[in-house]
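Protein chains in written order, with this note's numbering: chain A, 43 to 341; chain B, 5 to 959.
Ideal Cβ positions, reconstructed from N, Cα and C, are used throughout, including at glycine.
Quick caveat, the model's predicted, so the values are computed rather than measured.
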Amino acid sequence: MSDVSELPSKEANVLKGHEGGVLAARFNSDGNYCLSCGKDRTIRLWNPHRGIHIKTYKSHGREVRDVHVTQDNSKLVSCGGDRQVFYWDVATGRVIRKFRGHGSEVNAVKFNEYASVVVSAGYDQSLRAWDCRSHSTEPIQIIDTFSDSVMSVCLTKTEIIAGSVDGTVRTFDIRIGREISDNLGQPVNCISMSNDGNCILASCLDSTLRLLDRSTGELLQEYKGHICKSFKLDCCLTNTDAHVAGGSEDGYIYFWDLVDASVLSRFRAHSSVVTSVSYHPTDNCMVSASVDGTIKIQT
Amino acid sequence: MNTEEDDFVFYGTPIEREEDLTSRKKKAVAEASGHLRTLPSWKQEVRDEEGRRRFHGAFTGGFSAGYYNTAGSKEGWTPQTFTSSRKNRAEFKQQSMLNFLDEDEKEELEGRSLGTASQFDTFGFTAAEIARKQAEKEQQKSVKFSFWIANYRPSAVPGPAPDEIVLPATESIGVKLLLKMGWRHGHSIKDSHVNSLYKARREARKAFLAFSSDDAKSQPEDSEPGEEDHKRILDQPVVDDFPSSQSTPVRISPVYILNPKEDTHGLGYDPYKHAPEFREKKRTRVSGKQGHGNKQALSIKDSLFGLKFTFGPSAGRAAPVYEIEDTYIQEDEEPIRSTTENMPKLVWKEQGVLSGFKVALNSDYQLERFDPPVIPKDFLPHHKFPGPLEFDNKPDTPPEVPPPDDENLKVLIEGVATLVARCGKLFEDLSREKNQSNPLFSFLTGGNGHEYYSRKLWEEQQKRNGQKKIALDGKFSSSVDKMTVESRGKILGEMPLERSSRDLSSSIASVNVNLPFNLSDTFTKPESSSEFPEVAKPFQDDPGKQARFEQFLKEKYQGGIRSTVSSGASNMSEAARARERLDFEAAAEVIEKGKFNKENKLHSQQLMGFSASGGMQLTFGGLQQVKDTLDEDLATKKIYPRREEFQWRPSAILCKRFDLIDPYMGKPPPPPRMRSKMDSLIVRSDLKAMKMEEAFSADRNQPLALQFSTQEVSKDVVDRETEPGIQVENVERPVDLYKAIFSDDSDDEIEASNLNTKEDPEKKVEVVHSTLNRLMAGDFLESLGKELGLEVPPNPPYSTNIAGSSRQKESAIANPDNVNILSVEENSFSIPIAHGVSRKERAANDEKTAKKGESGKDEQPGPSKDKSDKVHSGKIAREDRKKAKLPPGLHRKRTSTSSEDERNRKRSRRHRYSSSDSYSDSSNDHRDRHHSRSKGRKKRSSREKASSKKHHKHR
């Protein structure tokens with residue numbers, strides 16, 4: 043079932059430019075471009091397939107922790123240690139709006155489907171939804187049911203899902219007005235949704251990735267082998283949902299089989315902690331970012 | 005002066021001096037006396053006694069209202085005489101448009117009025133009309149003249165006629181004569197009373213009959229008016245039938261047609277306004293219904309009268325009049341028609357087709373018929389109920405049969421038998437049906453191994469029934485013959501006295517617990533708790549959980565007084581415990597099913613309900629101390645993931661932005677979740693730990709404390725642990741409470757140097773109390789708070805600055821403050837400085853925590869930091885602290901010795917006090933403490949992780 047040969051194994055490109063660690067690297071919605079952000083307070087736009095650096099976005103006052111781009115590639119949203127959420131225009135590279143309000147560092151940020159709302163997750167134990175349509179810079183909703191830092195957020199058409207260090211993955215269903223809290227018992231570092239939207243992959247600080255069934259909250263599988271004890275490490279599912287990919291603190295990238303949780307492949311991609319992995323939406327291609335300041339494209 | 009004035013620019017109206025005013029007045033008076041006499045009235049200016057002109061308003065005369073500001077007029081002043089309008093009331097004039105028109109407009113209007121041009125005015129109507137109008141005008145001028153003129157008739161022949169000489173008459177001579185006789189326009193002749201009218205009509209009818217016989221044949225061509233008359237008779241219209249009326253050429257006496265409203269439409273509403281063809285249709289339908297009898301009569305009459313008859317003279321001049329009338333009448337006279345006319349109509353009426361339409365040969369619309377389902381021939385009207393679970397009616401027991409040689413088959417048979425026994429006969433039927441072709445399942449249909457199967461099935465059923473009966477009513481169980489000591493004990497509700505596996509027995513206070521526990525156990529009905537451990541180990545991988553599960557089972561089936569210890573690990577949050585309990589419930593059910601033990605579900609349900617309010621159960625604080633170590637490792641066990649659901653209200657705009665419908669649209673906001681209470685209790689467990697340690701250190705530091713035996717220490721521990729229960733009250737402090745405590749910090753410190761600090765704290769205590777009470781309204785803690793408000797034990801202030809979010813920080817700070825105040829009041833004339841010192845110290849801590857919150861993880865926890873920094877170093881922290889006491893140097897730096905002494909003294913006081921009433925408190929407080937402890941520990945662990953992670957993350 044799982045074809046190991048499909049998995050990315052060879053290094054196609056190395057994107058260098060960030061000074062200091064890269065904290066996140068993300069493909070855009072069609073996979074043609076890649077965005078990265080890091081400790082050097084910049085966001086960089088790359089063409090990962092040709093290895094070209096396209097643009098740099100500078101405005102953040104501290105490290106940039108997360109970046110997300112709209113479906114139409116017109117707007118960026120980023121967040122970081124300066125407790126602000128920046129809403130950028132991609133083409134001009136200007137900040138359209140700055141959303142202030144988080145009490146401390148902002149860990150993750152995402153656009154919703156229509157790019158009308160930005161949801162940010164902060165160290166201040168809250169999720170905040172910001173309105174991109176109006177000129178208001180006040181959050182339109184603050185969700186503060188978390189009891190610890192919120193590390194990661196995912197949005198669907200109708201739900202806001204967020205993982206927190208308090209060990210919960212909380213799903214806020216806007217349609218029915220319910221909050222579903224799945225307690226994993228371990229601090230959740232990063233959550234990532236499967237491409238079919240049925241499962242949530244949660245990276246926990248006990249060096250385990252956990253796959254949850256979204257509808258029932260059942261723990262479907264645990265993926266172990268890598269090291270994830272103190273860093274916010276990303277994890278993701280491959281484009282076919284057949285494998286689970288994740289970085290490790292020792293610079294390795296791991297691939298697990300989704301079903302039987304066996305490590306299918308592991309290779310040392312970076313010299314230091316692999317902070318972020320992002321899988322191409324259609325191809326067998328993956329981008330990984332590391333504290334060593336490099337972004338690598340694996341095919 | 006002038007030069008000076010040039011330099012200044014004046015704004016506004018200068019305030020006038022008193023002298024100026026009076027001088028002007030004088031001037032005005034002088035002017036009035038001098039000028040006014042000389043000037044003509046229209047030149048005079050009216051001024052008041054102050055010499056000012058009065059402005060009456062732009063539209064009311066400006067400066068001179070009325071007639072030169074007088075009430076008079078040019079003619080002089082004449083008072084108006086009163087005239088009553090009483091008599092004039094009747095003179096109400098009907099207004100018309102003409103009243104409001106000017107002369108020229110009227111002319112114009114008259115020119116515009118429509119009329120037949122004279123050369124087309126064949127019958128002279130328009131001419132007559134004009135003539136009449138003019139005649140009326142003339143009449144108004146001189147009646148006589150008009151009367152004379154009225155004798156002339158308007159000429160029917162168009163052409164210029166000298167109007168001066170010949171004026172057309174408005175009325176015919178006949179009308180004139182009638183008028184003279186008393187007839188008036190619009191009235192029928194001889195209608196002075198109804199009777200006469202009626203008579204006339206009767207006579208007319210007779211006359212008609214007479215006429216008809218004569219004239220019907222003689223004048224067949226003029227059928228129309230005659231028929232009309234005939235109709236009128238039938239319908240009895242108000243119109244007079246007298247021939248004379250027909251000769252009135254101009255004034256047509258109005259014909260009232262009785263057209264009764266038969267439909268249900270609104271008045272004046274004509275549904276056929278735009279579709280007259282439907283009106284016809286409708287009418288035919290209606291008449292088809294009601295006009296039947298009528299028609300009959302008509303036909304008779306028709307035959308009686310002959311087909312046609314005429315009446316009255318057929319004067320050429322009057323013909324148009326008839327035509328007019330005809331159009332009136334035709335509207336409602338449909339049913340009465342000559343048969344020749346009616347015939348075609350009747351034909352299409354019967355078909356029910358609109359005029360202009362043709363009936364289609366085959367219509368699209370067909371009534372669809374749904375035939376009832378065909379009942380199969382072999383259907384028996386007998387309901388087969390889903391397989392009965394009990395097979396009591398099976399009379400014969402199948403003989404013992406050796407199992408088939410094939411091991412697989414044997415297993416299969418046994419499995420199926422078990423299933424069938426459990427699920428009922430239906431399952432057997434089903435599987436038989438399903439596996440008809442499968443040779444493996446041939447035993448179901450009587451093939452290989454059928455005997456064995458039936459035997460097995462019987463056995464299973466027996467077993468099952470037996471179990472059931474035991475469960476349902478132990479005394480009448482069918483398995484009486486196999487009764488053993490154990491089973492009898494089970495039935496009688498006895499219980500083996502002591503089970504060594506109990507973890508309770510090892511605890512300090514277990515003596516207290518076990519005694520009533522066991523006693524009560526002997527009286528409740530136990531359901532074989534002994535048989536569970538062997539059978540059910542659903543949590544084998546998790547010994548802690550398994551232990552708890554067993555405890556749970558015991559509880560569940562034994563009943564009696566429960567200790568909360570058994571309800572779960574105390575380090576689990578309430579929610580976690582609830583979840584676990586659910587798990588246990590499920591597991592227990594599975595086991596039950598597995599053993600076919602139909603335990604009375606109601607009992608478990610009740611238990612569930614009871615356990616939901618878990619904290620209410622009686623507990624003994626001392627036990628938890630023991631449990632703690634046990635729970636530490638339990639916390640890491642896999643009870644995850646657990647799912648919880650809460651209400652969450654998305655904001656309206658969020659829904660809008662997500663393009664979703666707000667699920668809470670128009671609903672009041674949901675009540676705030678109670679979680680926040682739990683959250684802010686994070687500090688509690690830490691506090692408690694600190695306090696414990698405090699207690700120990702106090703013992704060491706002060707010789708006074710040594711008099712306490714270890715027993716008392718443990719009691720003290722118990723007592724200490726009741727504190728959070730009190731502190732829970734000010735979990736959600738509003739700002740004013742916060743302010744009440746902090747607002748006058750500076751004052752406080754000043755006053756601290758003074759000796760009379762007593763007033764201030766007392767005041768504060770009052771404030772705090774009132775706020776607290778307000779807060780707790782409705783809470784069951786209210787009374788408790790009132791009682792215990794002053795008895796809150798002193799709390800070391802440095803125990804408060806635990807790294808955490810600001811919220812927690814706040815609560816942590818607020819609590820000791822509250823406590824401090826209280827304690828100060830308690831021993832008010834001891835050392836007032838302590839108050840201030842502790843405050844200062846707290847402020848310092850505040851700063852520190854704030855700083856920490858700001859710069860968070862970049863800072864490394866160093867020894868210079870607060871003790872609370874240790875929290876992050878994990879589970880060992882507490883043990884560390886226990887061993888390592890307080891870092892003395894650190895402590896000295898922050899607190900003065902005097903304050904510490906004082907605190908110690910307070911503490912010792914508290915000890916004495918608490919030993920007396922700790923037990924009464926503990927029962928009440930336990931719930932909250934329990935919450936706080938478990939929650940707090942959990943939170944802390946996660947927080948530790950968070951903080952530790954924080955320190956490493958994003959380096």
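Could you pull out every residue in the same chain whose Cβ sits closer than 6 Å to the Cβ of residue i, ignoring the five residues on either side in sequence?
i                     : result
residue 266 (chain A) : 250
residue 297 (chain B) : For residue 297 (chain B), the predicted structure reports a pLDDT of 44, less than 50, and the residue's modelled location is therefore unreliable. A value from the coordinates is still provided. Excluding sequence neighbours, residue 297 (chain B) sits near nothing in its chain.
residue 60 (chain A)  : 80, 82, 335
Return the residue from the list the options that minimises the CA-CA distance to residue i.
i                     : options                    : result
residue 326 (chain A) : A:227, A:278, A:108        : A:278
residue 269 (chain A) : A:88, A:259, A:231, A:226  : A:231
residue 124 (chain A) : A:115, A:113, A:100, A:111 : A:100
residue 351 (chain A) : A:336, A:341, A:329, A:338 : Only positions 43 to 341 of chain A appear in the structure, and residue 351 (chain A) is not among them; the question remains open.
residue 243 (chain A) : A:221, A:303, A:216, A:294 : A:303
residue 410 (chain B) : B:464, B:133, B:428, B:453 : B:453
residue 339 (chain A) : A:63, A:76, A:62, A:60     : A:76
residue 51 (chain A)  : A:306, A:331, A:324, A:87  : A:306
residue 222 (chain A) : B:367, B:652, B:657, B:662 : B:652
residue 656 (chain B) : B:669, B:370, B:650, B:645 : B:669
residue 252 (chain A) : A:301, A:133, A:57         : A:301
residue 220 (chain A) : B:662, B:422, B:650        : B:650
Can you list, in chain order, the residues of its chain whose CB lies under 7 Å from that of residue i, leaving out five sequence neighbours each side?
i                     : result
residue 322 (chain A) : 69, 73, 281, 328
residue 166 (chain A) : 144, 145, 146
residue 360 (chain B) : 281
Rounded to the nearest angstrom, how far is the Cβ of residue i from that of residue j, given a contact under 8 Å?
i                     : j                     : result
residue 254 (chain A) : residue 224 (chain A) : 6 Å
residue 299 (chain A) : residue 314 (chain A) : Their Cβ separation, rounded to whole angstroms, is 27 Å, which puts residue 299 (chain A) and residue 314 (chain A) out of contact at 8 Å.
residue 258 (chain A) : residue 289 (chain A) : With a Cβ gap of about 28 Å, residue 258 (chain A) and residue 289 (chain A) do not count as contacting.
residue 196 (chain A) : residue 234 (chain A) : 7 Å
residue 192 (chain A) : residue 157 (chain A) : Between residue 157 (chain A) and residue 192 (chain A) the Cβ distance is about 21 Å, and since that is not below 8 Å, they are no contact.
residue 189 (chain A) : residue 204 (chain A) : No, residue 189 (chain A) and residue 204 (chain A) are not in contact; Cβ-Cβ is about 13 Å, not under 8 Å.
residue 148 (chain A) : residue 160 (chain A) : That pair is no contact at about 10 Å.
residue 215 (chain A) : residue 201 (chain A) : 5 Å
residue 246 (chain A) : residue 228 (chain A) : 4 Å
Any idea which residues DSSP pairs residue i with across the strands?
i                     : result
residue 88 (chain A)  : A:76, A:95
residue 64 (chain A)  : A:80
residue 389 (chain B) : Answer is none; residue 389 (chain B) lacks a bridge partner.
residue 213 (chain A) : A:203, A:222
residue 56 (chain A)  : A:338
residue 173 (chain A) : A:159
residue 184 (chain A) : A:170
residue 195 (chain A) : A:204
residue 151 (chain A) : A:162
Excluding the 5 residues flanking residue i on each side, which residues of the same chain have their C-beta closer than 8 Å to its C-beta?
i                     : result
residue 953 (chain B) : Low per-residue confidence applies at residue 953 (chain B): pLDDT is 44, beneath 50, and the placement is therefore not dependable, though the value from the model is reported in the following sentence. Excluding residues within five positions, none has a Cβ falling inside 8 Å.
residue 309 (chain A) : 51, 294, 295
Can you give, in chain order, each stretch of the beta strand (DSSP E) that sits fully within the region 120 to 148 of chain A and has at least 3 residues? 126 to 131, 137 to 142
Give, in chain order, every unbroken run of the beta strand (DSSP E) that is at least 3 residues long and sits entirely within the region 91 to 121 of chain A. Entirely contained in the region 91 to 121 of chain A, the beta strand (DSSP E) runs reaching 3 residues are, in chain order, 94 to 100, 106 to 111.
Q) Which runs of the beta strand (DSSP E) fall wholly inside the region 215 to 268 of chain A and span at least 3 residues, in chain order? A) 220 to 225, 230 to 235, 241 to 246, 250 to 255, 261 to 266
Taking only runs that begin and end inside the region 267 to 334 of chain A, name each unbroken beta strand (DSSP E) of 3 or more residues, in chain order.
Listed in chain order, they are 277 to 279, 285 to 289, 294 to 299, 305 to 310, 316 to 321, 328 to 332.
message: Please give me, in chain order, every unbroken run of the alpha helix (DSSP H) with length at least 4 that falls completely inside the region 396 to 470 of chain B.
response: 411 to 427, 429 to 438
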